[in-house]
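Q:
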Amino acid sequence: MIGKDFIRVLYIDLRNQKADIQERKDLYKYLGGAGVAAKLLEENMKKDVDPLHENQPLIISIGPLSTIFPVVTKAVATFVSPHTGEYGESHAGGRLAMAIRNAGYDAIVITGKAQKPIYLVITDKNIEFKDARAIWGLDVEETGRVIREREPGPGKRSIIRIGRAGENLVTYSCVNVDTYRHFGRLGIGAVFGSKNLKAIMIMGEEDLPISNLKEYFKTYQEIYKKVTQTDAMAKYHELGTPMNIKVLNSINSLPTKNLLQSNFEYADDISGETFAEKNLVRKVSCVGCPIGCIHIGQFRREFDKGYEYESIAVSYDHELIYALGSLLGIKTTDEVLQIIDEVELAGLDAISTGVVLAWATEALRKGLISREDTLADLEFGNTMEYIKAIDNIAERVNEFYYTIGKGLKEAVKKYGGEEFALLYGGNEMAGYHTGYAFALGQTVGARHSHLDNAGYSYDQSAKELKDEEIIDYVINEEKERAVLTSLCICLFARKVYDRATILKALNVVGINWTNDDLTRLANDVFFTKLKIKKELGYSLENYKFPKRIFETPTMWGKMDEERLNRLLKMYIERVEKEYEDWSRGK
Amino acid sequence: MPKVLRADNMNKCLGCFTCMLTCAAVNHNNHNLAKSSIKVKTRGGLQSKFAATICVACKEPACAEACPTNALVKRPGGGVKLIEEKCIACEKCVSACIVGSIHMDYDRKIPIVCKHCGACVRMCPHNCLSMEEVSEQDDR
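Going line by line, the protein sequences match chains F and V. Okay, so the first sequence: first residue is 1 according to the UniProt record's numbering, each after it adds one. Okay, so the second sequence: first residue is 1 according to the UniProt record's numbering, each after it adds one.
Okay, structure coming up:
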């Protein structure tokens, strides 16, 4: 809590419809966000129990600077991932962090399963378990509308909800946060579904007095100036992350058509520039961020002859244009937006959905699966068929869709095609085919996300790829990001929030930490996550990279399988040694 | 000349709420944006446009007329000034303001009233808000 030396945790038991609040001094050293959420997961998870068992916990945490400093906008969720079976962590912006802060909590732990579908209403004055039977089955947009109209507090509340994919326990279903943001990866939507939890509405008017207004506002303004008046974050407002499409394409690093290619003949037609010129209608922000990186694109769809059109607005980003665009061979911005819209309504993770469909396209072509399985003529570039398939994934309409609803890892176990399944560490690949640091980074990262350690960034900025340097980068960057994500600072602001700035902001709110404290935190969070993973059975022994990644050139040419395996071995040895030292010190 | 707050460019709004966070901090020494006198919200879900509920600086403020203890006095250029010591938290000003600009701070038991200080304007990254110079005779 601001100005207090404890973490205020709200525990909710859905089965018994009870809540409890604990002020945890012992969690204070983990600060918030990823640190606190990982620790709470470690305490509450059940080791040998299915990830979707009702006793598995769902945790959401914010940090001590959330909302009260610029671009400190994220909430962090942890859970046992039904997708990988191990550590699940996902981050979302929007208004959620503000709403949790205003309701007076630092973290929320949800356990149990409601006997019938419910949605939760959490305010500073009450916890309510409301009947959601009528909205079970509704898509993400309609669910949001119903709750918006039923509940008070426009402007002050956050509404997070699942679609049909989450209800049907698709292991890459997401939780939609305030229409345009998401807890995307690793299947948190299914965790909601397994608890009969359709949505959470949260808001509050908790009194949060400022102890030292002069110093606080001075520091606030300094950071605000850095954010708005330097070029540290300009790119996120202008073209946004889709600027990557052209850049990656020009250096053979844009995964295309299930990575049969690493550049796309239609890249210019779906580039950030083209989206901005043809479809961009507005930009919006998470609460507390003056940047406005959320790009909303509009497309027009003819629903009948005689000039009958509807217009639909969806948010787009690099990862979505990659996974639901170039990777599926989609050639126009309007079509990419149509596919994004379908994924949004169903409540699926965009990256995993695109990668699974790209694999299915090739598997169908190679005869590993049939048209009877897919119920759609999956073919690169065929938008309407992919839209059918997305609906089938969410509904799990037959055995094939039931299987691919467990992710690509399960799909290849049953149907084969492992060699062209774009998986790193059991999670579907993000939109970079830059080289060794990316491939290693996404595989070993705590949550198997490209954002854990940004290996792609090393690949893109290095003058020469050096093995030792790659290992150093991937480990150090992940530790440093553990500090940022424990503070819930948006990673887009990583250049603004250097250590000195972080310490200054912390000191202003009465957390008198030093640089050494931050280093201690980085290690504690990094290794706590590894400890959780190990307890859940995680191991990279005998890990095999998919063949496809070695067949298609990266910006550094084709990767050598032996070298990547060697890098993985080096990484494991280094981290294991550090882990032992850390464990002994505990 | 006195200045009053205007929100004439809300189509440019990003929904970052920095204006509200600033108002709550600077004027009410609080991090909770529920304490802000400017209120940004959507017209119905994030797919719709943003709107700002602000004090429109009435020349003949109904809120002041409704106040039984003269705790709200006319401000030069429009709007009102709150004299906290006189306020009895009767909330009559809240219902008198038909644009919905006034709401209660139940922790301090006073209404939250815009001072037209311009702090929100200075922290708006997209220039949606402005301060307009008005003569004391100007009518909106």
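For glycine and all other residues, C-beta sits at the position ideal for the given N, C-alpha and C.
Hey, quick one: how far does the beta strand (DSSP E) through phenylalanine 275 of chain F stretch, first residue to last?
A: Taking the first sequence and counting its residues from 1, one reaches residue 275 of chain F at position 275. Looking at the DSSP string, phenylalanine 275 of chain F is not in any beta strand (DSSP E); the run it does join, the alpha helix (DSSP H), is 272 to 278.
Q: Output, in chain order, the set of chain V residues within a Cβ distance shorter than 9 Å of isoleucine 2 of chain F.
A: Taking the first sequence and counting its residues from 1, one reaches residue 2 of chain F at position 2. By Cβ distance, chain V contributes His31.
Q: Assuming asparagine 32 of chain V and glutamate 205 of chain F make a contact with CB atoms under 8 Å, what is their CB distance in whole Å?
A: For the purposes of this step, residue 32 of chain V is identified with residue 32 of the second sequence, where counting begins at 1. For the purposes of this step, residue 205 of chain F is identified with residue 205 of the first sequence, where counting begins at 1. Right, their Cβ atoms sit about 6 Å apart.
Q: What three-state label does DSSP hand threonine 230 of chain F in the structure shown?
A: Working through the first sequence from its first residue, we reach residue 230 of chain F at position 230. The answer is coil: DSSP assigns threonine 230 of chain F none of H, G, I, E or B.
Q: Consider the Cβ of valine 508 of chain F: report whether some Cβ of chain V lies at a distance smaller than 8 Å.
A: As a first step, residue 508 of chain F must be located in the first sequence, where it is residue number 508. No, because no Cβ of chain V sits closer than 8 Å to the Cβ of valine 508 of chain F.
Q: Quick one: using the 10 Å Cβ neighbour count with 16 as the cut-off for buried, is glutamate 60 of chain V buried or exposed?
A: One-based indexing of the second sequence puts residue 60 of chain V at position 60. Exposed: under 16 other Cβ atoms inside 10 Å.
Q: Got a sec: which bits of the UniProt domain "4Fe-4S ferredoxin-type" (100 to 134) of chain V sit with their beta carbon under 8 Å from any beta carbon on chain F, in order along the chain?
A: If the cut-off is 8 Å between Cβ atoms, the UniProt domain "4Fe-4S ferredoxin-type" (100 to 134) of chain V has Tyr106, Asp107, Met123, Pro125, His126 near chain F.
Q: Taking beta-carbon pairs under 7 Å, can you tell me which members of the region 9 to 27 of chain V lie near chain B?
A: Absent here is chain B; the protein component of the structure consists of chains F and V.
Q: Which residues of the region 275 to 290 of chain F have a Cβ closer than 7 Å to any Cβ of chain V? Give them in chain order.
A: From the region 275 to 290 of chain F, only Lys283, Val284, Ser285, Val287, Gly288, Cys289, Pro290 have a Cβ closer than 7 Å to chain V.
Q: What do you reckon, are the CB atoms on lysine 246 of chain F and glycine 272 of chain F nearer than 8 Å?
A: Looking up residue 246 of chain F in the first sequence gives position 246. Looking up residue 272 of chain F in the first sequence gives position 272. Against a cut-off of 8 Å, the Cβ pair of glycine 272 of chain F and lysine 246 of chain F comes out as a contact.
Q: Under 8 Å by Cβ, that's how I've got valine 175 of chain F and glycine 189 of chain F pegged, so tell me the actual separation to the nearest angstrom.
A: As a position in the first sequence, residue 175 of chain F is number 175, starting the count at 1. As a position in the first sequence, residue 189 of chain F is number 189, starting the count at 1. 5 Å between Cβ atoms; contact.
Q: Quick one: complete beta strand (DSSP E) runs, 3+ long, within the region 117 to 149 of chain F?
A: Fully enclosed beta strand (DSSP E) runs of 3 or longer: 118 to 122, 127 to 131.
Q: For leucine 129 of chain V and glycine 100 of chain V, what's the separation of their Cα atoms in angstroms?
A: Here residue 129 of chain V refers to the residue found at position 129 of the second sequence. Here residue 100 of chain V refers to the residue found at position 100 of the second sequence. So the two alpha carbons sit approximately 18 Å from each other.
Q: Output, in sequence order along the chain, the residues in the region 46 to 59 of chain V whose CB is closer than 7 Å to any CB in chain F.
A: Within the region 46 to 59 of chain V, the qualifying residues are Leu46, Gln47.
Q: What residues in the region 191 to 212 of chain F have a beta carbon less than 7 Å from any beta carbon of chain V?
A: Cβ contacts with chain V: Glu205, Glu206, Asp207, Leu208, Pro209, Ile210.
Q: Taking Cβ positions only, does tyrosine 180 of chain F come closer than 8 Å to chain V?
A: Stepping through the first sequence from its first residue, residue 180 of chain F is reached at position 180. At least one chain V Cβ lies under 8 Å of tyrosine 180 of chain F.
Q: Using a Cβ cut-off of 8 Å, pull out every chain F residue sitting near valine 40 of chain V, in sequence order please.
A: Here residue 40 of chain V refers to the residue found at position 40 when the second sequence is read from its first residue. Ordered by position in chain F, the residues that pass the 8 Å Cβ test against valine 40 of chain V are Gly155.
Q: Measure how close the beta-carbons of isoleucine 223 of chain F and alanine 103 of chain F come, nearest whole angstrom, since I'm counting them as under 8 Å.
A: Counted from its first residue, the first sequence places residue 223 of chain F at position 223. Counted from its first residue, the first sequence places residue 103 of chain F at position 103. Contact flag wrong, Cβ pair sits at about 25 Å.
Q: Could you tell me the distance, in whole angstroms, from the CA atom of leucine 564 of chain F to the CA atom of proline 553 of chain F?
A: The sequence position of residue 564 of chain F within the first sequence is 564, counting from 1. The sequence position of residue 553 of chain F within the first sequence is 553, counting from 1. Using only the alpha carbons, I get a separation of about 14 Å.
Q: Which value, in whole angstroms, describes the spacing of the CA atoms of arginine 35 of chain V and lysine 4 of chain F?
A: The sequence position of residue 35 of chain V within the second sequence is 35, counting from 1. The sequence position of residue 4 of chain F within the first sequence is 4, counting from 1. A small correction: the amino acid at residue 35 of chain V is lysine; arginine does not occupy that position in the sequence shown. Distance between the alpha carbons of lysine 35 of chain V and lysine 4 of chain F: 21 Å.
Q: Suppose you measure from the CA of threonine 361 of chain F to the CA of glutamine 56 of chain F; what does that come to, to the nearest Å?
A: In the first sequence, residue 361 of chain F corresponds to position 361, counting from 1. In the first sequence, residue 56 of chain F corresponds to position 56, counting from 1. The straight-line gap from Cα to Cα measures roughly 35 Å.
Q: Rounded to whole angstroms, what is the Cα-Cα separation between alanine 134 of chain F and isoleucine 118 of chain F?
A: The count along the first sequence starts at 1 and reaches residue 134 of chain F at position 134. The count along the first sequence starts at 1 and reaches residue 118 of chain F at position 118. Whole-angstrom Cα-Cα distance: 10 Å.
Q: What's the call for methionine 384 of chain F, buried or exposed, on a 16-neighbour Cβ count within 10 Å?
A: Counted from its first residue, the first sequence places residue 384 of chain F at position 384. Exposed, by the Cβ-count rule.
Q: Which chain F residues sit within Cβ distance under 7 Å of alanine 34 of chain V?
A: For the purposes of this step, residue 34 of chain V is taken as the residue at position 34 of the second sequence. Asn102, Lys156, Glu205, listed in chain order.
Q: Does the structure place the region 235 to 255 of chain F close enough to the region 263 to 272 of chain F that three or more beta carbon pairs sit under 8 Å?
A: Yes, since at least three Cβ pairs between the region 263 to 272 of chain F and the region 235 to 255 of chain F fall closer than 8 Å, the two stretches touch.
Q: Leaving aside the five residues before and after cysteine 67 of chain V along the sequence, list all residues of the same chain whose C-beta is less than 7 Å from its C-beta, in chain order.
A: By 1-based counting over the second sequence, the position of residue 67 of chain V is 67. Excluding residues within five positions, the ones whose Cβ falls inside 7 Å are Lys92, Cys93.
Q: Output yes if chain V places a C-beta closer than 8 Å to the C-beta of arginine 148 of chain F; else output no.
A: To locate residue 148 of chain F, count along the first sequence from 1; it is residue 148. Output row for arginine 148 of chain F: interface = yes.
Q: For glutamate 133 of chain V, does the count of other Cβ atoms within 10 angstroms reach 16, so buried, or fall short, so exposed?
A: Counted from its first residue, the second sequence places residue 133 of chain V at position 133. Glutamate 133 of chain V should be labelled exposed.
Q: Taking the alpha helix (DSSP H) that glycine 585 of chain F belongs to, which residues open and close that run?
A: Here residue 585 of chain F refers to the residue found at position 585 of the first sequence. Per DSSP, glycine 585 of chain F belongs to the alpha helix (DSSP H) from 561 to 585.
Q: Taking C-beta pairs closer than 9 Å, name the residues in chain V that isoleucine 68 of chain F reaches, listed in chain order.
A: The residue you call residue 68 of chain F lines up with position 68 of the first sequence. Within 9 Å Cβ-Cβ: Leu21, Ala25, His31.
Q: Give the straight-line distance between the Cα atoms of threonine 219 of chain F and lysine 86 of chain V, rounded to the nearest whole angstrom.
A: On the first sequence, residue 219 of chain F is found 219 positions in, with the first residue counted as 1. On the second sequence, residue 86 of chain V is found 86 positions in, with the first residue counted as 1. In a straight line, the C-alpha of threonine 219 of chain F is about 35 Å away from that of lysine 86 of chain V.
Q: Near leucine 82 of chain V, which residues of its chain fall below 8 Å by C-beta distance, leaving aside the five closest residues on each side in sequence?
A: Start at 1 with the first residue of the second sequence, and residue 82 of chain V comes out as number 82. Hits under 8 Å: Ala71, Leu72, Ile110, Pro111, Val113.
Q: CB glycine 63 of chain F to CB serine 486 of chain F, shorter than 8 Å?
A: Taking the first sequence and counting its residues from 1, the one referred to as residue 63 of chain F is at position 63. Taking the first sequence and counting its residues from 1, the one referred to as residue 486 of chain F is at position 486. Going by C-beta atoms, glycine 63 of chain F is nearer than 8 Å to serine 486 of chain F.
Q: What three-state label does DSSP hand tyrosine 309 of chain F in the structure shown?
A: In the first sequence, counting from the first residue as 1, residue 309 of chain F sits at position 309. Looking at tyrosine 309 of chain F - three-state DSSP - the assignment turns out to be strand.
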